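K.L.:
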Amino acid sequence: MGPKEPVMGSLKTFGVDLPQIVDSRAVCLAVLTVLASGALAQARVEVSEDGRRRVSAAPTATDNTGWNRGTGVPFGTVPDQVVNLRRQIGGVQVADMNADGRNDVVAVCYNSQSYPPYTDWHDMIFYNTGSGIETTPSWLSVEQVHTGDVQIGEINGDGHLDVVTVHGNVSSQSARVYYGSASGPATSAGWTAAGPAVWGTAGGLADIDNDGDLDLITSNQGVSPDPYKPNFMFRNNAGTFTTAPAWQSGDLAVQNGVATGDFNNDGWTDVAIGKWVNFQSGIYFNNAGTLASFPGWTVGHTDADKGAAVGDFDANGWLDVAFGGDPSRAYTQDDGVFTEAWANTDPLSGAQEIRTHDVDSDGDLDLAEIHFSTGKCYIYLNNAGVISTTPDWTFDAPEVGNTLAFGDINGDRYDDLVIGYSGDISIRVFFAIPPDCAPDLTGDGTLDFFDVQAFLQAFSAGQPAGDFNNDGVYDFFDVQAFLQAFADGCP
13 MGPKEPVMGS LKTFGVDLPQ IVDSRAVCLA VLTVLASGAL AQARVEVSED
63 GRRRVSAAPT ATDNTGWNRG TGVPFGTVPD QVVNLRRQIG GVQVADMNAD
113 GRNDVVAVCY NSQSYPPYTD WHDMIFYNTG SGIETTPSWL SVEQVHTGDV
163 QIGEINGDGH LDVVTVHGNV SSQSARVYYG SASGPATSAG WTAAGPAVWG
213 TAGGLADIDN DGDLDLITSN QGVSPDPYKP NFMFRNNAGT FTTAPAWQSG
263 DLAVQNGVAT GDFNNDGWTD VAIGKWVNFQ SGIYFNNAGT LASFPGWTVG
313 HTDADKGAAV GDFDANGWLD VAFGGDPSRA YTQDDGVFTE AWANTDPLSG
363 AQEIRTHDVD SDGDLDLAEI HFSTGKCYIY LNNAGVISTT PDWTFDAPEV
413 GNTLAFGDIN GDRYDDLVIG YSGDISIRVF FAIPPDCAPD LTGDGTLDFF
463 DVQAFLQAFS AGQPAGDFNN DGVYDFFDVQ AFLQAFADGC P
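For the record, in the sequence shown the residue sitting at position 192 is 204 according to this note's numbering, with numbers rising by one throughout.
#1: According to the neighbour-count rule (16 or more other Cβ atoms, all chains shown, within 10 Å of its Cβ), is Thr402 buried or exposed?
#2: Could you tell me whether the Cβ of Arg425 comes closer than 8 Å to any Cβ of chain C?
#3: Asn249 bridges to which residues according to DSSP?
#4: Taking Lys255 as the reference, give the member of Pro242, Val189, Gly215 and Val311 with the closest Cα.
#5: Looking at His172: is its Cβ nearer than 8 Å to the Cβ of Leu152?
#6: Evaluate Pro359 with the Cβ neighbour count: other Cβ atoms within 10 Å of its Cβ, from every protein chain shown; 16 or more gives buried, anything less gives exposed.
#7: Is Ala300 helix, strand or coil by DSSP?
#8: Which class does Val266 belong to by DSSP, given the choice of helix, strand or coil?
#9: Considering only the alpha carbon of each residue, which of Gly286, Leu453, Gly78 and Leu264 lies closest to Gln469?
#10: Three or more C-beta pairs under 8 Å: does that hold for the region 116-134 against the region 466-482?
#11: If you measure between the beta carbons of Asp404 and Gly84, is that distance less than 8 Å?
#12: Please report the straight-line C-alpha distance between Thr177 and Ala396, rounded to a whole angstrom.
#13: Give me the Cβ distance between Ile167 and Gly251, rounded to the nearest whole Å; I'm assuming they're in contact under 8 Å.
#14: Does DSSP put Ser124 in a helix, a strand or coil?
#15: To the nearest angstrom, how far is the alpha carbon of Phe335 from that of Gly375?
#16: Does Gly160 come out as helix, strand or coil in the three-state DSSP assignment?
#17: How long is the line joining the alpha carbons of Thr310 and Asp132, rounded to whole angstroms?
#18: Just reading off the beta strand (DSSP E) that Leu416 is part of, what are its end residues?
#19: With DSSP collapsed to three states, give me the class of Ser6.
#20: What span of residues does the alpha helix (DSSP H) with Ala444 cover, start to end?
#21: Please name the residue in Gly202, Ile137 and Phe498 whose C-alpha comes closest to that of Phe461.
#22: Does the beta-carbon of Ser400 have 16 or more other beta-carbons within 10 angstroms, so that it is buried, or is it exposed?
#23: Is it the case that the Cβ atoms of Val270 and Lys287 are separated by a distance below 8 Å?
#24: Which of the three DSSP states is assigned to Phe480 in this structure?
#25: Over the uninterrupted alpha helix (DSSP H) stretch that includes Gln496, give me the two end residues.
#26: Please say whether Ala363 and Trp354 have beta carbons closer to each other than 8 Å?
Below, the structure is given as structure tokens:
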């Protein structure tokens, strides 16, 4: 008999204080206790897209509250848009799906044994209205299946972005493609996997064989009594994925996160996979187009990892990797040697998804993660290769958290934040707050002659705006700094 599969509990529970990791019998006893007490009538029970986290959520004092610890994160603490549709969002992406020059939000939905039950889990696209996204989706998939992740890419070579979905609930149809067009994707899938039955948990698109098109990698799991499954790679042959996997990993595990990149700088894209307890997250190296059957590097522990992200955090020319977990960790690399360089200090850790993004536009990649059990989204800034261990930005939602993505939605050239939840509010959007434009002294949003005139007047009169470099002296260096900033333009 293999190792017992744990189920994640929560510290955000109603009626029963579940430990953070308990076995399935303990979860059953806890649920029975709630039933016996009558508390379930007041509590909502939420289950994660992979079925491995379950919480009986109740309001907390910090619900709908945000914190910004410094000035580097450009998001406010109140969302700019919310989607009031009761859905379980398994994944979100930001991309221009109808070729109108404005980014849309693709949100896919899953189904679970949550209470009260969810009645709709069609996948959705919220098209851009010009100032944000619509709050009722114009696009719905014909298929209504459990979708735990979504990736966007150009698959069939027609120049239009396609939607790639990854599906749970143990099916041979573990992935689908909705092909794009000039007006948006088709609402019915144009390709469906027909491989071994698995519960797909995450996907990634990358050119594994260097033939110029995107292949699909999926991480997978099963359900008891057969919970351990391989990872898959579906090869793209002239614009169509193989229906059966062209590659399967040799190791079977509960696998739940995909990130891709050339870790060893050999010109071939490798695959990082996050893995649940009893297994080690790691990297499958690519040997001239053939992925290794087993990881060539692993993290060295069997904690409850979920989600994977890639980026060169220390800017040394070698890709690094991060895995969401308890705690989440990042590993920097120098020529094949990986070193744990960061771990978060959140006492209620347990990420549902982790992403890299240059949030503060300083040229290095920061980390963001969303937690299922607490509903909290965290951003950790990277300052010259050193990532904050405590969050620089936090938002605590009353819903459970599932997924997040970045992209410019309101057209100001700054990437915004989209968070997907399970609950009555299923999506929140935080618009990035642009930095001040120092040479725009008139404040009209345009750099022109009147800004130059305003500077010269302030400089001549010894007013604060004339001391452009803030050194307390009005001299040539102020003029030089203003002219340089004016030439660089507003961000």
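C-beta: ideal position from N, C-alpha, C; glycine also.
Remember, it's a predicted structure, so these values are computed and weren't measured experimentally.
P.N.:
Reading it off the structure:
#1: exposed
#2: Given the protein chain composition of this structure (a single chain), no chain C is represented.
#3: Thr252
#4: Correcting the residue type first, residue 255 is Thr in the shown sequence and not Lys. Taking Thr255 as reference, the option from Pro242, Val189, Gly215 and Val311 with the minimal CA-CA separation is Val189.
#5: no
#6: Pro359 comes out exposed.
#7: DSSP places Ala300 outside both helix and strand once states are collapsed to three, so it counts as coil.
#8: coil
#9: Leu453
#10: In the pairwise beta carbon analysis, the region 116-134 is classified as not touching the region 466-482: fewer than three pairs are separated by under 8 Å.
#11: yes
#12: 36 Å
#13: The pair is a contact, with the Cβ atoms about 7 Å apart (cut-off 8 Å).
#14: Coil at Ser124, not helix or strand.
#15: 21 Å
#16: Annotated three-state conformation of Gly160 is strand, per DSSP.
#17: 39 Å
#18: Val412 to Gly419
#19: The structure shown has nothing for residue 6, since the chain only spans 13 to 503.
#20: From DSSP, Ala444 is part of no alpha helix (DSSP H); its letter is neither H nor E.
#21: Phe498
#22: buried
#23: no
#24: coil
#25: Per DSSP, Gln496 belongs to the alpha helix (DSSP H) from Phe488 to Asp500.
#26: Their beta carbons are not under 8 Å apart, which means Trp354 does not touch Ala363 by this criterion.
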